[in-house]
Each structure stands twice: as structure tokens, then as C-alpha cells.
Amino acid sequence: MKMTVIGCGYLGATHAAGMAELGHEVLGMDSDIDKVHTLNSGKAPFFERDLDGLLTKHTSSGRLRFTASYGEAADFADLHFIGVGTPNQPGSDAYDLSHLFDAVRRLAPGLKTPAVVAVKSTVPVGTAPRVAEILRAYAPAGDLIEVAWNPEFLRESFAVDDTLRPDRLVLGFSTAHSWAEALLRQAFEKIIEAGTPTIVTDWATAELAKGAANSFLGTKISFINAMAEVCEASGADVAELADILGHDHRIGRHGMRPGLGFGGGCLPKDLAGFINRADELDAGEAAGMLREANAVNARRRRRVIDLACEELGPDLRGKRITVWGAAFKPETDDVRDSPALAVAQALHDLGATVTVTDPKALDNARKLHPGLDYVEDPIAAVDDADLLLHLTEWHHFTTIDPRCLATRTTSPKVIDARGTLSTAHWRDAGWSTRTLGRR
Ligand code: UGA
0 MKMTVIGCGY LGATHAAGMA ELGHEVLGMD SDIDKVHTLN SGKAPFFERD LDGLLTKHTS
60 SGRLRFTASY GEAADFADLH FIGVGTPNQP GSDAYDLSHL FDAVRRLAPG LKTPAVVAVK
120 STVPVGTAPR VAEILRAYAP AGDLIEVAWN PEFLRESFAV DDTLRPDRLV LGFSTAHSWA
180 EALLRQAFEK IIEAGTPTIV TDWATAELAK GAANSFLGTK ISFINAMAEV CEASGADVAE
240 LADILGHDHR IGRHGMRPGL GFGGGCLPKD LAGFINRADE LDAGEAAGML REANAVNARR
300 RRRVIDLACE ELGPDLRGKR ITVWGAAFKP ETDDVRDSPA LAVAQALHDL GATVTVTDPK
360 ALDNARKLHP GLDYVEDPIA AVDDADLLLH LTEWHHFTTI DPRCLATRTT SPKVIDARGT
420 LSTAHWRDAG WSTRTLGRR
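For the sequence shown, position 346 matches number 345 in numbering that gives the first Met the number 0, and the numbering has no gaps at all.
Structure (C-alpha cells):
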């Protein structure tokens, strides 16, 4: 099949490469011409495991290419996926849908024959009818353009795998058994044949599916982090508690790692956006637990800042703090709403000299937080440090021998906010250690 993917960020570029891998002929479209050039050269403009391999394979095989032209995209296929970003509006928790509506408005004039526009972007419930209205108004084929809602559940750092082997496929339509459904079932045939649960539903349920899933994931993380607070107050151990809870198959251990809480371009934005939309719909009480999940999440960041002040004294001026980690989670270079950088910036604002290191995310971190110092080598980064903070749990950090670090610091103290450093090993090497939620 031929298809386009409009918007080639983390979501769209991966979806385009994934659809090519499934055997389709794919045209990716993005208005950022530099991004288009990079993608056409077989490289992703960001770091995502396995994605460069797929892009190289399919830009070479001829099944995948990228353009900056809406007209070319409209002419190319009858199926158009839309994966543009929907951030929060500046200064507000509401979604900014301008990129989505703009993309639909610019694609529409080229749609002269029946086509399906399948939206993957995360939106507040009630957006699909607005997309349909734009298409009716601007597309020459008018009512013959069908809107489908196909939320994307991929995780950064597992994006390729989640695209090719998703946990489920959700397809939302305005009418049952439509032409749009047949077309999307054909597009996802290999995934459906592999036994992937496929749920066909209405627009609103499909829209809600994504926000609700991310709200649950954020709440689960905050639940275990709330337990970490109680563990800290009572002398219990949150890692052992999480294991005990996780053995109950109704609870499960996945997605329940205690630590510094959630960040990134999705969970924080989607919880905020979900609450905002619930308020607009007069269903704000239903989102009460999400407000609490956000509050717990904010407290974890505060807790690390407080612990740093406990270790170094309330006046941080003249103190040197090293932060291991800048990405919002390991195996990505994405620093959007990174808990590690939020803590690093807050300590800098309190007067400390903060040196940050990260295997992949330093360039992005530098752009957002120019006041922090950056060092590539995590060992050299601890030179003369008064305190080391382990804030993003890259595997690489756990392989560094703490014995070779201790003498480089002014005093070997570490706060492990992610709980992945071996306390025994670090203590044997002469470090004083504190781990969030651990005894
Ligand atoms: C999240 C969802 O997991 C995806 O299903 C969804 O498609 C995606 O958002 C999206 O909306 O596009 P992602 O933001 O890539 O994916 O990252 P996660 O792996 O969910 O991690 C989010 C944050 O929670 C990270 O800061 C991570 O460190 C933290 N986290 C995650 C924990 O603190 N504990 C956990 O057990 C899991």
C-alpha cells in the first residue's frame, strides 16, 4: 500500500519507518527541510535505538522517502497518517492543537479524491469532529474524506519495537464498518495477523484511550513514589515493597519503578491536558487522583533538592554538585521536562556550581539550560565534587567503579535518586550513600 505520514518527529519518523518495514511504500512529510534532508540520508534527527537501521534500510530500498511538500503528500496516497506534536499551550495545561489543525488545513486542498486521514497525535477528547470539519471545508473531495483515530502508544527508546509489535491497536471511526476501517485493517494487516488485540471503536473512545493510558502510567509511578515517601518516614524499603506488590498479577511490577518520578514530552503533558479537558467537560472531580499524581511527582524532585541541602548545608553557594544524567530517561537524548535537569537547574539557582554529564543528551541539555556546566566523561565530571547525584539511570553509570571515583571528589557522597547503584559496592568503596525510598 501507499501511505504518507505527516509530521516526522519521534512518533512520525518511527511510524513511517515502521510502515515501510511492514512492506508499504511510505512518504514522510515534515515542514522542517533540515529534518527532511537528514531523514532522506537514512538518519534520525534524534537518538532512538534501531531507528537509524530501519531508515537506512528503507531509504535505500526505495520504500521510504521524505518531503517538505504538502501537495506531494496529498497526491501520493489515499491514506494519510498525522503524527504532528501537540504540546501544552504556553502558560496553560490545555493542548496546543495549532500544529494539528494547520497540518490538516494544508493537506486538505490536495485531497481531490476519497481519502482517509488517520490521526495518531495525542489530543483532548472531542478533537476528531473539528478535524473532520476542516476537511469538509478545505478538501475538494469534501465529505468523501474520512477521519480515523489511531492513537500511538510507543515509548521512546523502545519506539521501533512498540511500532512493529504493539500491545494493542486502536482504531476509531465515526461510523461502523466504514471504508476507512477496511483501509486501516489492510495497512496494519501484518500486525493484526500476528494476533495483536485490535479494538475498533468510536472517535471519542479512541481519543480518550491515549490520555487515559498515560494518566494511568503516571498514576502508577506516583503511587509507588508516594509509598517511597511513607517508606522514608517509617524506615521501610520501597524497592522491596514494589517487588512484593508486583508479584500480585493484578498490580504487576512493570511501570512501577520508584525514583525521581516521571518526565518527558508525554506523561507530564498528557496528565495536565487530561485534567484540563476533564475540567472543561465538568468532569473535573474524576481527575482528582491525577492532580495528586502530579503533586507526588513534583515532591520527588523537591525531595532530592532537600536532601542535597541536608548533605551540603542550606547555603549552596560555592558548592560543587555533579549530576549523572540529563535525559528524561535512559536510552534517549530527549530532555523535555527532564526530572534530572529540573533538579540540576534548581540547585544551580540556589547557588551551586552544577556539572552535568549524560551519554547522549548533552547537546539538547545545553540548549535548554545554558547556565549549567557540561562534561562528557562521567568520571572526570566528579572531579572536586562535593556531592554526586544519580538522576537518570543509564546502565553505563552502574558499570563505573566507585573506587576510582572516591578520591576525585572533595568528599565521596552520592544521592541515588533512581535506586540502580549498588549501595553495598559504593559503601565498600568509601562513599556515603542515600537512595530515595530505601532504608
Ligand atoms: C510514554 C508512554 O509510556 C507511552 O506508552 C506513550 O506512547 C508515550 O508516553 C507517548 O505519549 O508518546 P515515554 O514518555 O517514552 O512513553 O516514557 P516512559 O517509558 O513511559 O517513561 C516516562 C517517565 O516515567 C520517564 O521519566 C521515566 O523515567 C519515568 N518512569 C517510568 C518511572 O519513574 N518509573 C517507571 O516505572 C517507569
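Where a beta carbon is used, it is the ideal one built from N, C-alpha and C, also for glycine.
Any heavy atom of ligand 1 within a distance shorter than 7 Å of the CB on residue i?
i: ASN213; result: yes
i: CYS230; result: no
Do the CB positions of residue i and residue j come within less than 8 Å of each other?
i: LEU183; j: ALA117; result: yes
i: THR321; j: ALA384; result: yes
i: LEU390; j: ALA416; result: yes
i: ARG438; j: GLY264; result: no
i: LEU50; j: VAL124; result: no
i: ASP74; j: PRO113; result: no
i: THR218; j: LEU280; result: no
i: GLY70; j: THR58; result: no
i: VAL146; j: ALA127; result: yes
i: ALA179; j: VAL115; result: yes
i: PRO377; j: TRP323; result: yes
i: ASP357; j: ALA325; result: yes
Could you check where the alpha helix (DSSP H) with residue i kicks off and where it finishes?
i: VAL334; result: Note, VAL334: premise wrong, no alpha helix (DSSP H); not H, not E.
i: GLU279; result: 266-279
i: ALA364; result: 361-367
Just reading off the beta strand (DSSP E) that residue i is part of, what are its end residues?
i: VAL342; result: Run containing VAL342: none in the beta strand (DSSP E); it sits in the alpha helix (DSSP H), 338-348.
i: ARG64; result: 63-66
i: VAL199; result: 197-201
i: MET28; result: 24-28
i: GLU399; result: Note that residue 399 is Ile in the sequence shown, not Glu. Where ILE399 is concerned, there is no enclosing beta strand (DSSP E), given that its DSSP letter is neither H nor E.
i: ILE133; result: Looking at the DSSP string, ILE133 is not in any beta strand (DSSP E); the run it does join, the alpha helix (DSSP H), is 127-137.
i: ASP314; result: That residue, ASP314, is in no beta strand (DSSP E); it is neither H nor E in DSSP.
i: SER59; result: Looking at the DSSP string, SER59 is not in any beta strand (DSSP E); the run it does join, the alpha helix (DSSP H), is 50-60.
i: ARG249; result: Careful: ARG249 lies outside any beta strand (DSSP E) and carries neither H nor E.
- Please determine if the region 284-291 and the region 105-125 are in contact, where contact requires at least 3 C-beta pairs separated by less than 8 Å. no
With three or more C-beta pairs closer than 8 Å as the rule, is the region 350-365 touching the region 424-435?
no
Checklist entry - Closer than 7 Å from C-beta to any heavy atom of ligand 1: which residues, in chain order? => result LEU10, THR121, GLU151, PHE152, LEU153, ARG154, GLU155, SER156, LYS209, ALA212, ASN213, LEU216, ILE220, GLY254, MET255, ARG256, GLY258, LEU259, GLY260, PHE261, GLY262, GLY263, GLY264, CYS265, LEU266, ASP269, PHE327, LYS328 and PRO338
Query raised in the report: Three or more C-beta pairs closer than 8 Å, one from the region 149-158 and one from the region 220-231: is that the case here?
Result: In this structure the region 149-158 does not touch the region 220-231; the number of beta carbon pairs closer than 8 Å is below three.
Report task. For the region 214-224 and the region 185-196, state whether three or more C-beta atom pairs, one from each stretch, are separated by less than 8 Å. Result -> no
Exercise. Please determine if the region 166-186 and the region 195-208 are in contact, where contact requires at least 3 C-beta pairs separated by less than 8 Å.
Key: At 8 Å Cβ cutoff, the stretches touch.
Exercise. Report yes or no: do three or more beta-carbon pairs, one from the region 208-218 and one from the region 273-281, lie closer than 8 Å?
Key: yes
- Query: Are three or more beta carbon pairs between the region 291-299 and the region 247-260 nearer than 8 Å?
  - Reply: yes
* Is there contact between the region 153-162 and the region 7-15, where contact requires at least three CB pairs shorter than 8 Å? -> yes
Exercise. Would you check if there are 3 or more beta carbon pairs closer than 8 Å linking the region 367-385 to the region 341-350?
Key: With a cut-off of 8 Å, the region 341-350 and the region 367-385 count as touching, because enough Cβ pairs lie within range.
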